[in-house]
Each structure stands twice: as C-alpha cells, then as structure tokens.
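First residue of the sequence shown: 6, per the numbering used here; consecutive thereafter.
No residue lacks a Cβ here, since even glycine has one placed at the ideal position from N, Cα and C.
It should be emphasised that the depicted structure is a prediction, and the values quoted were computed from it without experimental measurement.
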Amino acid sequence: MEFRFTDEQQMIRETAASFLADCSTSAAVREAMVSESGYDLSFWRQICDDLYLHAITLPEEQGGMGLGYVELVAVMEQMGRYLACAPYYSTVCQAVPALQLSACSQASPWLDKILGGTTAALAWIGQDAPRCDAVTATFEATANGYRLQGDYQLVVDGHSAEILVLAARQPGTSGTSGISLFAVDATAQGISRQWTPTLDQTRHLGRIQVDSLLAVDACLGEAGQAGPVLEQVLQLATVTLAAEQMGSAQQVQDLAVEYTRERVQFNRPIASFQAIKHKAADMMLRTEVARSACYYAACVADEALLSGEQGGALATELPEAAAIAKSYCSDACFRNAGEALQMHGGVGFTWEYDVHLYFKRAKASELMLGTASEHRETLASLLLDTDQTEEGALS
C-alpha cells in the first residue's frame with residue numbers, strides 16, 4: 006500500500022499542529038493538569054468552535070465533517086505530541102463511535118449535543134480483564150425501563166464528562182454476549198463520580214458508581230446485543246490511542262535531539278558523540294515504523310466503518326491492525342521516552358523539563374486498552390486461527 010496524505014488531510018494535520026503548538030504549551034499543560042477537571046474549558050471550546058475538530062467523524066448530514074479515521078489519527082498524533090489536556094480522546098475516540106456504531110435513533114440526540122461541544126465518556130471497565138470481559142456492571146429490564154448497577158473504574162474523563170455511555174451486561178452472561186450500551190446524562194439520579202489521581206497527571210481518570218433506573222430509550226439498540234459493537238469501538242479506540250503514542254514518541258525524540266545540540270561537554274555538543282547519534286537514530290526508526298503501523302490501521306478502520314457487515318478482506322483486518330499498532334506504538338513511545346531521559350542526563354528527571362510528563366504518559370498509555378504483550382498474544386491467536394482455517398480448507 007502506498008499511502009499519501011490528500012491536500013485536505015495535510016491541511017487538517019498542519020492546522021492541528023499549529024494550533025496545539027500555540028495553545029497546548031508546557032505552561033498550559035501544567036496549569037490544566039493540576040485542576041480537577043483536567044482541562045481548560047476555553048481550550049476545549051476553541052477545539053470545538055474554532056477548529057471543529059470534534060466533528061471529524063460525524064456525518065455531514067448531521068452537521069459534522071464527514072471524514073474518517075485517517076484524519077482523526079492525524080489529529081491524535083498532534084494531540085500526543087503536545088500532551089493536549091482536553092476531553093478529546095474520551096469524547097471523539099470512545100463515546101462518539103459507541104453512539105455511531107449503535108446505529109439507532111436513540112443515539113442522534115446525544116450526537117447532536119456532542120456536536121455542540123458537550124463532552125462525553127465511555128465506561129465499561131469493572132475489573133482487570135480483556136476488553137468485553139471487563140464489563141461487570143449489570144442491568145435488568147423493569148416495567149419502567151432498566152435497572153443498572155455497577156462500579157466503573159479508570160474511565161477517561163469519567164468524573165467530568167457531561168454524557169456517559171455505560172456498558173452493562175445481563176446477569177449470568179460473559180464475553181460479548183448479553184451486553185448493552187446505555188447513554189445517560191452524567192447528572193442523572195443514582196450516578197456518583199469522583200476523580201481518581203493516577204501516574205499520568207495530563208490525562209484524568211474517574212470512577213463512576215451507578216445504581217439507577219434508566220428510561221427505556223436510554224438503551225442504544227436492542228438490549229443485550231451490543232457486545233460486537235463495544236468490541237469494535239474498543240478496537241477503533243486502540244488505533245487512535247496508538248496514534249497518540251506515536252505523536253508522543255516523535256516529540257520526545259525532537260526534545261532529546263534539541264537538548265543534545267545545546268548541551269556542551271568536552272567543548273563540543275553532545276549530539277556529535279557517536280553513542281548519542283545511535284540513540285537518536287534508533288528513536289527515529291521506532292517512530293517511523295510506528296507511524297506506518299498507525300496510518301495503515303487508520304485505513305483499515307475507515308474500510309471497516311464504510312463496509313460494515315459487507316466488509317471485504319481489508320475490513321476484517323481491524324483486530325489485527327489495531328493490535329499491531331498498539332503493541333508497537335506502546336513499545337516505541339515508552340522506549341523513546343526512556344532514551345530521552347537518558348539523553349537529558351540528570352535534568353531529565355527534574356520538574357522543570359517536560360520529559361518526565363511524556364514518560365508518565367507513555368507508561369499510562371501502555372497499560373490502557375491492553376499492554377503490548379497482550380496485543381501480541383491477540384496477534385498470535387489471530388494468526389493461529391487463520392492457519393487452522395487454511396489447513397481445514399486444504400484438507
């Protein structure tokens with residue numbers, strides 16, 4: 006596959022980069038990350054009102070830009086480069102696809118609100134388990150709607166989002182079976198939330214406890230049938246998270262190279278030392294390979310969304326492409342951040358330099374939506390299933 010940006014895609018990428026370079030500065034990030042919400046509202050309004058970046062994947066007939074995941078990945082790359090403290094990932098990369106892929110009339114009013122700048126979050130984790138197995142919240146149908154009970158952990162922007170998309174399962178089910186998605190107002194009765202401080206101060210997570218009676222129209226689609234939808238949403242979110250990691254890997258590389266050109270030792274910049282050149286070359290190689298994996302996964306995501314159930318061979322590669330992108334980008338981002346710390350020397354660990362912020366983000370992102378090892382296990386199982394299918398066909 007020969008991949009090149011169109012003029013429109015290049016413009017979106019450059020616009021996002023220019024805006025974030027000006028507005029998501031080190032000072033702005035440090036100011037936002039210590040607040041409870043984790044972001045500056047005026048910054049979020051600029052993203053929505055001035056650039057309209059939150060509407061990238063929303064259809065044109067609904068007022069969105071009608072674009073795809075290549076454009077979204079281009080934006081997420083820049084979000085990672087500048088550690089943007091905004092509810093962009095939670096809203097656009099998690100909640101929006103959950104509402105869109107539900108393909109039901111109940112989702113339209115919520116998407117309209119998001120189009121107006123309302124923030125949203127997707128909650129599904131109740132325990133440490135792979136993907137849909139992590140859903141432990143339960144729901145039961147009642148005469149007036151659905152009784153939902155659950156304790157959601159590590160919800161990105163869950164404590165501050167205005168709309169919540171909650172995953173819950175029918176009692177006694179497991180895996181992707183029996184899962185439903187519910188869209189609710191975050192201030193609804195029976196919902197309590199709190200901020201959960203973690204290693205990465207630039208991305209805030211929340212805990213959501215729910216014991217509430219929800220209206221019938223809160224359920225997105227047919228009850229108990231949203232497991233495959235949630236699985237695909239998490240795969241799409243994995244692709245965009247990998248893009249963010251790739252952007253961070255690029256930025257720590259740039260920061261390290263810039264510092265080594267300025268740092269003088271033995272009457273010469275340390276960038277001239279061969280050992281430093283080797284480290285910089287390795288960092289660049291990891292970043293470029295990560296970029297290729299991310300944009301290929303973005304192309305696969307676009308094909309999967311356009312094709313739906315009628316998807317061809319490329320559309321069926323989404324689980325594999327997402328796993329490749331996340332496993333490689335997790336390693337590339339964390340290793341680049343570690344190399345950048347070493348190339349900065351002792352000052353790399355100090356509060357005044359930003360490298361430690363990227364190092365923390367790299368580690369936290371590595372653990373989110375599956376570690377590199379877990380995704381490599383996914384790839385192994387996919388390859389083994391493919392091999393077994395081909396052997397069966399030949400026999």
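Apart from the five residues on each side of it in sequence, which residues of its chain come closer than 6 Å, Cβ to Cβ, to residue 383? Within the same chain, Cβ atoms closer than 6 Å to the Cβ of residue 383 are found at 328, the five residues on either side in sequence being excluded.
Residue 197, buried or exposed, once every other Cβ within 10 Å from all chains shown has been counted against 16: exposed
In chain order, what residues of the same chain lie with their CB nearer than 7 Å to the CB of residue 358, ignoring the 5 residues before and after it? Contacts found: 349 and 352.
Can you list, in chain order, the residues of its chain whose CB lies under 6 Å from that of residue 427, leaving out five sequence neighbours each side? For the chain, the structure presents residues 6 to 400; residue 427 sits outside this window and is missing.
Rounded straight-line distance, which links the Cα of residue 305 to that of residue 75: 9 Å
Spatial neighbours of residue 274 in its chain, beta-carbon cut-off 8 Å, leaving aside the 5 residues before and after: 265, 266, 267 and 268
Between residue 248 and residue 379, is the Cβ-Cβ spacing less than 9 Å? Pairing residue 248 with residue 379 gives a Cβ-Cβ distance that is not under 9 Å.
Close beta carbons around residue 231, own chain, < 8 Å, minus the five adjacent residues each side: 107, 172, 184, 185, 186 and 225
Near residue 331, which residues of its chain fall below 6 Å by C-beta distance, leaving aside the five closest residues on each side in sequence? 243, 247 and 380
Could you give the uninterrupted runs of the alpha helix (DSSP H) lying entirely in the segment 290-352, keeping only those of 4 residues or more? 323-349
For residue 209, is the classification buried or exposed, using 16 other Cβ atoms within 10 angstroms of its Cβ as the cut-off for buried? buried
Applying the criterion that 16 or more other CB atoms from any shown protein chain within 10 Å of the CB defines a buried residue, is residue 134 buried or exposed? exposed
In terms of alpha-carbon separation, which member of 285, 324 and 158 lies closest to residue 240? 324
Three or more C-beta pairs closer than 8 Å, one from the segment 338-348 and one from the segment 365-380: is that the case here? By the Cβ rule, the segment 338-348 counts as touching the segment 365-380, because three or more pairs are nearer than 8 Å.
Got a sec? Which residues, its chain only, sit under 6 Å from residue 215 by beta carbon, not counting five neighbours each side? 153, 155 and 196
Considering only DSSP beta bridges, list what residue 187 is partnered with. 171 and 224
Tell me the rounded alpha-carbon separation between residue 262 and residue 141. 46 Å
Rank 92, 132 and 71 by C-alpha distance to the C-alpha of residue 401 and give the top, closest one. Residue coverage of the chain in this structure runs from 6 to 400, which leaves residue 401 outside it and unanswerable.
Considering residue 356, what are the terminal residues of the alpha helix (DSSP H) in which it resides? From DSSP, residue 356 is part of no alpha helix (DSSP H); its letter is neither H nor E.
Entirely within the segment 94-149 and at least 3 residues each: give me those beta strand (DSSP E) ranges in chain order. 125-128 and 143-147
Does the Cβ-Cβ distance between residue 80 and residue 126 come in under 9 Å? no
From 60, 319, 130 and 255, pick the residue whose C-alpha is nearest to that of residue 294; which is it? 255
Is DSSP giving residue 180 helix, strand or coil here? coil
Tell me whether residue 281 sits in a helix, a strand or coil according to DSSP, three-state version. Here residue 281 sits in helix by DSSP.
I believe residue 52 touches residue 91 by the beta-carbon criterion, under 8 Å. Please report the beta-carbon distance rounded to the nearest angstrom. Going by Cβ atoms, the distance from residue 52 to residue 91 rounds to 6 Å, so yes, they are a contact pair.
Please check the pair residue 67 and residue 120, which I expect to be a contact at CB under 8 Å, by giving their CB distance rounded to whole angstroms. 7 Å
Using only the alpha-carbon positions, how far apart do residue 168 and residue 190 sit? 5 Å
Would a C-beta distance cut-off of 9 Å place residue 206 and residue 38 closer than the cut-off? Yes. Within cutoff.
Opening and closing residue of the alpha helix (DSSP H) in which residue 162 lies: Careful: residue 162 lies outside any alpha helix (DSSP H) and carries neither H nor E.
Starting from residue 262, trace the alpha helix (DSSP H) both ways and give me its first and last residue. 232-267
Can you tell me whether DSSP reads residue 86 as helix, strand or coil? Reduced to three states, the DSSP call for residue 86 is helix.
Residue 201 lies in the beta strand (DSSP E); which residues open and close that run? Per DSSP, residue 201 belongs to the beta strand (DSSP E) from 196-201.
Alpha carbon to alpha carbon, how far is residue 19 from residue 333? Give it in angstroms, no decimals. 25 Å
Simplified DSSP state of residue 35, which is helix, strand or coil: helix
Backbone CA spacing between residue 218 and residue 346 [nearest angstrom]: 50 Å
Can you pull the DSSP bridge partners for residue 219? In DSSP, residue 219 forms a bridge with 151.
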